[in-house]
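What follows is a single structure, written as structure tokens, with notes after it.
In the working numbering, the protein residues as written are 608 to 907.
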């Protein structure tokens, strides 16, 4: 039943997207879902932390339009879906289309060990001068990239990283999750995670196309509108495309909520004002909130 419901939602979303999913600055749109932690003793937030690290690093490359993990979580909650790092290719491709991503990046953590002289889980087994401990950590994962347009698994590679070091993990947070005493203890594991993620970025950038050099590089602003029906959706899309400064508009629609990704030569508040001033005849829109990259609106 859930599979059929997802197929229906994807069919609706596909009708709303063009065949070519390129975005602001000609960048492909990429979604990274929460990694699956297949290690019995691993902290339950490990998969989330690894996905957040990869998202940050992919954003830093400047090569892709990377969806926020919060946006993916919201879609999953609304549609009552569970998509993790072990999703099959067909379902992964369908989910990618549903959230408007051309490529879906998934991962499964298969090994996560911190060892000292006495075994796994400790940090201060072998004492060095001054009472500082030596630790060895090993991390392994499988990374896959799914093409949402074709349903093809473009790449599936194993990443393994082993590190030894002196000392404990630094006081760091990943997506609000505390490290050093939280997910792991050793500096060796911290280094192993960072290097493994850099290897994942290399895999992704090797297999995914870069930005179109001829595309207009305008900021991408998300516009979320509530209280929208399908008939109004078409009017709002036409309105957005006609606004001065708008280079491209992509959209998804479910449960009377329309989400537009607008390539716009201006700020979010300027876009919100322009939308309010040019709303379709007989339709009154109000801004309920905005940030630097998102506008929230509702139909009165």
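Here a beta-carbon is modelled for each residue, glycine too, at the ideal position from N, C-alpha and C. Just so we're clear, the structure is a prediction, and the values are computed from it rather than from any experiment.
| Asked | Found |
| --- | --- |
| Measuring straight from C-alpha to C-alpha, what distance separates residue 768 and residue 743? | 11 Å |
| Excluding the 5 residues flanking residue 649 on each side, which residues of the same chain have their C-beta closer than 6 Å to its C-beta? | 719 |
| Between the Cα of residue 870 and the Cα atoms of 825, 880 and 833, which residue gives the shortest distance? | 825 |
| List the DSSP bridge partners of residue 721. | 744 |
| Which residue spans inside the region 629-653 form an unbroken alpha helix (DSSP H) run of at least 4? | none |
| To which residues does DSSP link residue 901 through a beta bridge? | 829 |
| Which residues in the same chain as residue 653 place their Cβ atom closer than 8 Å to its Cβ, once the five residues preceding and following it in sequence are excluded? | 642, 644, 646, 716, 719 and 790 |
| Which of helix, strand or coil does DSSP assign to residue 857? | strand |
| CB-CB under 6 Å to residue 749, same chain, minus the five flanking residues each way: which ones, in chain order? | 715 and 765 |
| Near residue 892, which residues of its chain fall below 8 Å by C-beta distance, leaving aside the five closest residues on each side in sequence? | 832, 882, 883, 886, 904, 905, 906 and 907 |
| Closest to residue 954 by CA distance: which of 810, 875 and 859 is it? | There is simply no residue 954 to check, as the chain begins at 608 and stops at 907 in what is shown. |
| Whether or not the region 790-806 and the region 843-862 are in contact is what I'm after, with contact meaning three or more pairs of Cβ atoms, one per stretch, closer than 8 Å; do they touch? | no |
| With a cut-off of 8 Å on the beta carbons, I'd call residue 890 and residue 839 a contact; round off their distance for me. | 7 Å |
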